[in-house]
Ligand SMILES: CC(C)(COP(=O)(O)OP(=O)(O)OC[C@H]1O[C@@H](n2cnc3c(N)ncnc32)[C@H](O)[C@@H]1OP(=O)(O)O)[C@@H](O)C(=O)NCCC(=O)NCCS
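In my numbering, the protein residues as written are 498 to 829.
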């Protein structure tokens, strides 16, 4: 049987910074309020002519180069995004694969909001373990600034742009394998976090621009409570099912939505500060890109070593959630 190994990571962060101070000139808020309630100090914003696929390509180039693979060996590209280049086609994954010059590969997007990276990890693992694919490029890429309402202080303070990518490759060596991935969803909470307009469910007869926009809307306080509850339950379950103590986790890489959510989950697992990867202060919430961007941060800081165990944990609109136990297994 083939196993799936997490071989490499890459990320891209656009250069333009939107600070809390900048936001305080746009809506009724302050650096103090945002920092205290979220832990976010700044987020990065893509240029007008920089698309989600462009950021995904830059992250992917790094991940491919670090994997040591030739591009011709890649047989599938999956992109997690809620801010694709185009609603609804072509998929951002097909644009990324073409810009990378990959030729004939299977390519598609998935929509699982901030849990997107965990979902595409599970897809890559399943395709590899079934023997259908060997080298799967997974990309989480978001231009959330394109679906953020910068007049709504409840949401615009949270979100940023960026991309992260990883190569997931077949291996015979079970020690290198992704141990487990959990994914779940519950649509009864759909109204907590959604883009109510712009799809087949919205008012097509309306000429009102707002009704045709794809801006995110969120019930922040309720989302916060469900996030803490769901994230905590999910990581406890995946650790128990695999007989792994939280002390064995070298890097807990949670979705970077809010420092207080991450702290609550980390405390519930009795994790030490040095186990918890935090990037929320500098990137904000980049949805499907947030986990791979965080993994790339520790990789580039020299903190992620071969064989070290990561615990990924995410939560997002849908509602969706997921967690994964992933040893870092670069090519030897
Ligand atoms: C959005 C969030 C930061 C708001 O923090 P909160 O502590 O829940 O704040 P509340 O929504 O209860 O609002 C408290 C007050 O602050 C105000 N407020 C909201 N946003 C504000 C802002 N940016 N600046 C200043 N005041 C703000 C509210 O209007 C409210 O005022 P009121 O008491 O006069 O009515 C927090 O709920 C959150 O992070 N939720 C999770 C969001 C998330 O992670 N979403 C993505 C999931 S993947």
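Think of the CB as a built atom: it goes at the ideal place given N, C-alpha and C, for glycine as much as any other residue.
*Can you check whether the CB of residue 574 is closer than 9 Å to the CB of residue 636?*
yes
*Does the Cβ of residue 629 lie closer than 8 Å to at least one heavy atom of ligand 1?*
no
*Would you check whether ligand 1 has a heavy atom nearer than 8 Å to the C-beta of residue 553?*
For residue 553, the Cβ stays outside the 8 Å cut-off from all heavy atoms of ligand 1.
_For residue 753, three-class secondary structure by DSSP_ = coil
*Three-way DSSP call (helix, strand, coil) for residue 443 in this model*: Here the chain covers residues 498 to 829 and nothing more, so residue 443 does not appear.
*Go through its chain and collect everything with a Cβ distance to residue 821's Cβ below 6 Å, but skip five positions before and after it.*
For residue 821, where only same-chain residues beyond five positions count, the Cβ hits under 6 Å are 615, 618, 678 and 809.
*Counterpart residues of residue 813 in DSSP-defined beta bridges*: In the DSSP secondary-structure assignment, residue 813 is bridged to 817.
*Which whole-angstrom value describes the C-beta separation of residue 597 and residue 660, a residue pair presumed to lie in contact below a C-beta threshold of 8 Å?*
Actually they do not touch by this definition, with Cβ atoms about 13 Å apart.
*Whole-Å CB distance - residue 811 paired with residue 788, under 8 Å assumed*: Cβ-Cβ separation between residue 811 and residue 788: approximately 6 Å, consistent with a contact (criterion under 8 Å).
*Is it the case that the Cβ atoms of residue 504 and residue 594 are separated by a distance below 9 Å?*
no
*asked:* So, for residue 528: in the same chain, excluding its five sequence neighbours on each side, which residues have a beta-carbon less than 7 Å away from its beta-carbon?
replied: 517, 518 and 521
_Please report the straight-line C-alpha distance between residue 588 and residue 600, rounded to a whole angstrom._
Take the alpha-carbon of residue 588 and the one of residue 600: they are about 15 Å apart.
*Can you give me the Cβ contacts of residue 526 inside the same chain, cut-off strictly under 8 Å, excluding the 5 residues immediately before and after it?*
Within its own chain, the residues whose Cβ lies closer than 8 Å to the Cβ of residue 526, once the five positions on either side in sequence are excluded, are 517, 520, 650 and 654, listed in chain order.
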